[in-house]
Amino acid sequence: MARPPPRLLGLPLGEEVHCILPESLSVIIANALPSTCWPVSPWQPQWHLLYSSQIHGRSFQKLVQGLVDKGPTLIVIKACDSANVFGGFSMESWQTVAAREKQDKNRSAAARRAAREGHDTQGVTHRPVNQNRAFFGSEDCFLFSNKDGGVIYRAKSSVNSNFMYFFDVHPHSDKIGIGMGGQPGHFGWFLDRWLERGTCHGVRCATFGNPRLTDAEEWLIDVVEAYTLLPDFVETPSKVSQGTAERESCLKKHANDADKVLLELYGFHTFDCRERPEC
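Going by full-length UniProt numbering, the first residue of the sequence shown is number 1, and it counts up by one from there.
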């Protein structure tokens, strides 16, 4: 049964016109979602905006802050000089590198403990054997595009399980970014750390079986939007006041670089660790 179009929340008054997700595509996406992403009540789903480059500014830091640990999410992308809108759905939360490393260590420790105590290790969650270590996520992920009236591209986990790529930190700055599908450096789609350039490599993405989502392999990013699909992951003022929303100040997290963080947040400058040439 077809569902009603999702209601998009979190858009500032008057900014609704800047939303790039077409209603027709949102309906197609909604009907492709797992049942767990559909609220029992109300019948009409409510998707909450986490980040928009048009509203919050073109900032990878703000995208990270809005997107991480928000449960099932959509990332919606529009390239410059194109009317096409595309992106991806992820059932699992996007997680920072530090969180994923901690999770992998906990999994390894649980497996070793179970083996040492003679317990069955089948109950211990494992990374899929055909998943590159740079990726994470589950086969519930899919890509979408509004080409040809709207298309969903589901995962081909028999080929590989390279669903979600996200590096908020990396020794090599060109590896920092977010993407889905493919292989490292050869993605279904990828956005760089500046949210300025994107790539869709190859004629077809093996992970999702989709043709290239853009006309060119490399393109300039026009707009990026991110939505969480379940209200439990929306930080409302009441949750914050009641102490139920766990938040860490970015200044506390980067205490030694507080001045740089403030400049980045307000869009005045962006810092990295690259050496600068002599003037």
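For every residue, glycine included, the Cβ atom is placed at its ideal position computed from N, Cα and C. As the structure is a computational prediction, the values presented were derived from the model and not from experiment.
(request) Could you work out which residue in 45, 64, 44 and 43 is closest to residue 53 when comparing CA atoms only? (result) Taking the sequence shown and counting its residues from 1, one reaches residue 53 at position 53. When only C-alpha atoms are compared, the closest one is 64.
(message) Alpha carbons only, please: which of 234, 220, 230 and 231 is nearest the one belonging to residue 58?
(response) Sequence index remark: in the sequence shown, residue 58 carries index 58 (1-based). Closest by alpha carbon: 220.
(request) From the DSSP output, in three-state form, read off residue 67 for me. (result) In the sequence shown, counting from the first residue as 1, residue 67 sits at position 67. Helix, per DSSP.
(request) With DSSP as the reference, label residue 149 as helix, strand or coil. (result) By one-based count along the sequence shown, residue 149 stands at place 149. In the structure shown, residue 149 sits in a helix (DSSP, three-state: H, G or I).
(request) Quick one: using the 10 Å Cβ neighbour count with 16 as the cut-off for buried, is residue 271 buried or exposed? (result) As a working mapping, residue 271 is identified with position 271 in the sequence shown. Its pLDDT being 48, under 50, residue 271 is placed unreliably by the model, and the measurement read from it follows with that caveat. Classification of residue 271: exposed, given that the 10 Å Cβ count is below 16.
(message) Buried or exposed for residue 85, going by 16 or more other Cβ atoms inside 10 Å?
(response) Start at 1 with the first residue of the sequence shown, and residue 85 comes out as number 85. Per the 10 Å Cβ criterion, buried.
(message) Measuring only the C-alpha atoms, how far is residue 28 from residue 150?
(response) Sequence index remark: in the sequence shown, residue 28 carries index 28 (1-based). Sequence index remark: in the sequence shown, residue 150 carries index 150 (1-based). Computed Cα separation, rounded: 7 Å.
(request) Measure the alpha-carbon distance for residue 204 versus residue 140 and round it to whole angstroms. (result) Along the sequence shown, one-based indexing puts residue 204 at 204. Along the sequence shown, one-based indexing puts residue 140 at 140. In a straight line, the C-alpha of residue 204 is about 19 Å away from that of residue 140.
(message) I'd like the list of long-range same chain contacts for residue 167, defined as Cβ closer than 7 Å, with 5 residues on each side in sequence excluded.
(response) Stepping through the sequence shown from its first residue, residue 167 is reached at position 167. Cβ neighbours of residue 167 beyond the five flanking positions: 97, 175, 176 and 177.
(request) Can you tell me which of the three DSSP states residue 196 falls into? (result) On the sequence shown, residue 196 is found 196 positions in, with the first residue counted as 1. Coil.
(request) For residue 112, name the three-state secondary structure that DSSP assigns. (result) Position 112 of the sequence shown holds residue 112. DSSP places residue 112 in helix when its eight states are reduced to three.
(request) Compare the Cα-Cα distances from residue 134 to each of 152, 113 and 104 and report the closest residue. (result) Against the sequence shown, residue 134 aligns to sequence position 134. Among 152, 113 and 104, the Cα nearest to that of residue 134 belongs to 104.
(message) For residue 116 and residue 161, I'd like the C-alpha separation in whole angstroms.
(response) Looking up residue 116 in the sequence shown gives position 116. Looking up residue 161 in the sequence shown gives position 161. Straight-line Cα distance between these residues: approximately 29 Å.
(message) I need the straight-line Cα distance from residue 243 to residue 232, nearest angstrom please.
(response) The residue labelled residue 243 in the question sits at position 243 within the sequence shown. The residue labelled residue 232 in the question sits at position 232 within the sequence shown. Bear in mind that the predicted position of residue 243 carries a pLDDT of just 42, short of 50, making it unreliable; the figure below should be weighed with that in mind. Distance between the alpha carbons of residue 243 and residue 232 is about 14 Å.
(message) To the nearest angstrom, how far is the alpha carbon of residue 194 from that of residue 224?
(response) Against the sequence shown, residue 194 aligns to sequence position 194. Against the sequence shown, residue 224 aligns to sequence position 224. Approximately 12 Å between the Cα atoms of the pair.
(request) Below 8 Å on the Cβ atoms is my guess for residue 228 versus residue 36; work out the distance and round it to an integer in Å. (result) Here residue 228 refers to the residue found at position 228 of the sequence shown. Here residue 36 refers to the residue found at position 36 of the sequence shown. Contact doesn't hold; Cβ gap of about 13 Å is too wide.
(request) Quick one: grab the DSSP three-state call for residue 136. (result) For this step, residue 136 is matched to residue 136 along the sequence shown. In this structure, residue 136 counts as strand in the three-state DSSP scheme.
(request) To the nearest angstrom, report how far apart residue 155 and residue 4 are at their CA atoms. (result) Taking the sequence shown and counting its residues from 1, the one referred to as residue 155 is at position 155. Taking the sequence shown and counting its residues from 1, the one referred to as residue 4 is at position 4. Rounded to whole angstroms, residue 155 to residue 4 spans 25 Å at the Cα level.
(message) Suppose you measure from the CA of residue 131 to the CA of residue 137; what does that come to, to the nearest Å?
(response) Along the sequence shown, one-based indexing puts residue 131 at 131. Along the sequence shown, one-based indexing puts residue 137 at 137. Roughly 9 Å between the two C-alpha positions.
(request) Output the distance between the C-alpha atoms of residue 197 and residue 113, rounded to the nearest integer angstrom. (result) The count along the sequence shown starts at 1 and reaches residue 197 at position 197. The count along the sequence shown starts at 1 and reaches residue 113 at position 113. For residue 197 and residue 113, the distance between alpha carbons rounds to 45 Å.
(request) Within 10 angstroms of the Cβ of residue 102, are there 16 or more other Cβ atoms? Answer buried if so, exposed if not. (result) Taking the first residue of the sequence shown as position 1, residue 102 is located at position 102. Per the 10 Å Cβ criterion, exposed.
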